[in-house]
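K.L.:
Under my numbering, read the sequence shown as residues 1 to 452, first letter to last.
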Amino acid sequence: MWKGRFQEATADLVEQFGESISFDWRLYSYDVAGSIAHARAQVTAGLLTQEEFDQIEAGLKQIEGEIERGEFEFSTALEDIHMNIEAELTKRIGAPGAKLHTARSRNDQVATDTRLYCRTEIDLMIELIEQLELSLLDRAEKYAATVLPAYTHLQRGQPVTVGHHLLAYIEMLARDKSRLQDCQKRLNVSPLGSGALAGSTINLDRQQIADELEFAAVSTNSMDAVADRDYIAELLFDLAMVGAHLSRMSEDFILWSSSEFGFCTFSDAHTTGSSLMPQKKNPDVCEITRGKTGRLYGNLTAILTAIKGLPLTYNRDLQEDKEPLFDSIDTIKLTLKVNAEMIAAMKINEEVCEAAASDPLLLATDLADYLVKKGVPFRQAHELVGKAVAESVSQQTPLNELDLTQIDTAYEDDAKAVFNLQTALKARTNPGAPSIENVKSQIARWKDLLSK
Ligand code: ARG
1 MWKGRFQEAT ADLVEQFGES ISFDWRLYSY DVAGSIAHAR AQVTAGLLTQ
51 EEFDQIEAGL KQIEGEIERG EFEFSTALED IHMNIEAELT KRIGAPGAKL
101 HTARSRNDQV ATDTRLYCRT EIDLMIELIE QLELSLLDRA EKYAATVLPA
151 YTHLQRGQPV TVGHHLLAYI EMLARDKSRL QDCQKRLNVS PLGSGALAGS
201 TINLDRQQIA DELEFAAVST NSMDAVADRD YIAELLFDLA MVGAHLSRMS
251 EDFILWSSSE FGFCTFSDAH TTGSSLMPQK KNPDVCEITR GKTGRLYGNL
301 TAILTAIKGL PLTYNRDLQE DKEPLFDSID TIKLTLKVNA EMIAAMKINE
351 EVCEAAASDP LLLATDLADY LVKKGVPFRQ AHELVGKAVA ESVSQQTPLN
401 ELDLTQIDTA YEDDAKAVFN LQTALKARTN PGAPSIENVK SQIARWKDLL
451 SK
């Protein structure tokens, strides 16, 4: 492509070191779409005849079909997807192919392809997040009223329901979706026409190109347009955050499925056995999900580090953006799919959850609230209940079986009534709290939102 200035061929090692075709071939359909829009703008500008355009378009479509069917042979010597397609086009149709790159650089071309790729993939990932939300919602509905201890510091805290717990993940995933939508909006800007870095003396209609590619706007600074990879860093952050959420959920489920907790059971199809210990049924999907979060963070760190020292504008370092990007997207898509399927088949062991939730200590806070309602200042109530708990521990008597009136006069005979889980949950009616009514209305809200 640059043979004019060079006397020597590129060294084999440099070719091997610098090629990106082994991974950026995946951008082919966006590259073709960008080239067709660019060629059409050349017709508008009188640089290509309609016949030449038709030849270019047909040639590009033919190449696209061959790549799609795995029939196209890529050449490492042609470095990347842009040059592979253009060189083959020119080989096939001659002169019109050689006109295609007028007023364009691979710098604005790769920026365009990558933005189009991200735009499409974001839609696909949002769809998959919704599938996972629906799986969680289905389980939340089935176990809306199943009581369960909720934890802080992994120590039993207060009672909630399984439905309430599962809805918490839907909240996280909904924020993830909105972050992705936001990122998609910000990246939906056309760099084509920025050229290598300073536009071109041949002014094609950038708005026409942007309209054809359904970009919401054209970029407003040619230098920024070819150097900007913010949208990749942003997207990789968004995916790292999805990973963080899935990883936290996995950790809960790993604990829940252990014999120590026993709160849930995964289907045989979504667990694996041990090659040595015959009794094992391992939550590998959860563990791999947790593990994959490491590479999502790694990919984010890779792009942030790659761009931090780059002078304007394009530098070849930027070619390092693609593998982390592709990897995070592939990773998230598969992770979302497998988790949606696994959760849809997850069984909650209701008796185990309810037995764990019947620990009267889960209602120690409610007992303090009871005292507050009798006029005791909260700090004092906290101390009084603390004393009762200490008593219960030393006497080895459950808190609800102690004679509380013996401990302090603030306790009256009705204190025992606090230890009713159903009443305790029923009282939690404030927005966001886990009364069964609230959980059910949240389920209805999510159902409605997710059906839109
Ligand atoms: N393969 C390159 C990349 O991914 C395309 C842009 C090359 N531009 C250049 N001036 N060498 O970044």
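Virtual Cβ for every residue (Gly too), placed ideally from N, Cα, C.
1) To the nearest angstrom, report how far apart residue 36 and residue 20 are at their CA atoms.
2) With a threshold of 6 Å on Cβ separation, who are the neighbours of residue 285 within its own chain once the five nearest residues in sequence on each side are excluded?
3) Thinking C-alpha only, which one of 53, 431, 54, 27 is nearest residue 64?
4) Out of curiosity, what's the CA-to-CA distance linking residue 437 and residue 70?
5) In whole angstroms, what is the alpha-carbon distance linking residue 114 and residue 30?
6) Assuming residue 363 contacts residue 300 (C-beta within less than 8 Å), just tell me the rounded distance between them.
7) Residue 295 and residue 327 - do their beta-carbons sit closer together than 8 Å?
8) So residue 150 is in the beta strand (DSSP E); what residue range does that whole segment cover?
9) Going by the CB atoms, is the gap between residue 347 and residue 265 shorter than 8 Å?
10) Should residue 457 be listed as close to ligand 1, given that the test is whether its C-beta is under 7 Å from any heavy atom?
11) I'd like the span of the beta strand (DSSP E) that includes residue 262, first residue to last.
12) Could you tell me which of 349, 331, 275 sits nearest to residue 256, measuring between CA atoms?
13) On the DSSP bridge assignment, give the partners of residue 155 in chain order.
14) Are the CB atoms of residue 229 and residue 303 nearer to each other than 8 Å?
15) When every heavy atom of ligand 1 is checked, does at least one fall within less than 7 Å of the C-beta of residue 314?
16) Provide the residue(s) that pair with residue 348 in DSSP beta bridges, ordered along the chain.
17) Near residue 25, what residues of its chain come up, given a Cβ to Cβ distance below 8 Å and the 5 sequence neighbours on each side ignored?
18) Using only the heavy atoms of ligand 1, determine whether one of them is closer than 7 Å to the beta carbon of residue 3.
19) Under 8 Å by Cβ, that's how I've got residue 321 and residue 232 pegged, so tell me the actual separation to the nearest angstrom.
20) Quick one: what's residue 217 bridged to in DSSP?
21) Could you compute how far the alpha carbon of residue 440 sits from the alpha carbon of residue 359?
22) Could you give the residue range of the alpha helix (DSSP H) that holds residue 96?
23) Can you pull the DSSP bridge partners for residue 282?
24) Measuring alpha carbon to alpha carbon, tell me which of 78, 34, 38, 94 ends up nearest residue 55.
25) Please identify the residue among 250, 128, 211, 191 whose C-alpha is closest to the C-alpha of residue 221.
26) Any contact between the segment 177 to 194 and the segment 150 to 164? By contact I mean 3 or more CB pairs, one from each, below 8 Å.
27) My understanding is that residue 245 touches residue 173, with C-beta atoms under 8 Å, so please give their C-beta distance in whole angstroms.
28) Considering only DSSP beta bridges, list what residue 161 is partnered with.
29) Tell whether a beta-carbon distance below 8 Å holds between residue 332 and residue 226.
30) Candidates 43, 135, 1, 92: which alpha carbon is nearest residue 340's?
31) Closest to residue 293 by C-alpha separation, out of 361, 90, 336, 106, would be which residue?
32) Quick check on DSSP: helix, strand or coil for residue 53?
33) Do the segment 117 to 134 and the segment 402 to 415 touch if we need at least three Cβ pairs shorter than 8 Å?
34) Is any heavy atom of ligand 1 found at a distance shorter than 7 Å from the C-beta of residue 319?
P.N.:
Answer, in terms of the structure:
1) 22 Å
2) 270, 338, 342
3) 27
4) 55 Å
5) 8 Å
6) The Cβ separation is near 43 Å, so there is no contact.
7) yes
8) 147 to 152
9) yes
10) Here the chain covers residues 1 to 452 and nothing more, so residue 457 does not appear.
11) From DSSP, residue 262 is part of no beta strand (DSSP E); its letter is neither H nor E.
12) 349
13) 152
14) yes
15) yes
16) 264
17) 67, 74, 81, 84
18) no
19) 5 Å
20) 189
21) 24 Å
22) 95 to 99
23) 272
24) 94
25) 191
26) no
27) 6 Å
28) 147
29) no
30) 135
31) 336
32) helix
33) no
34) yes
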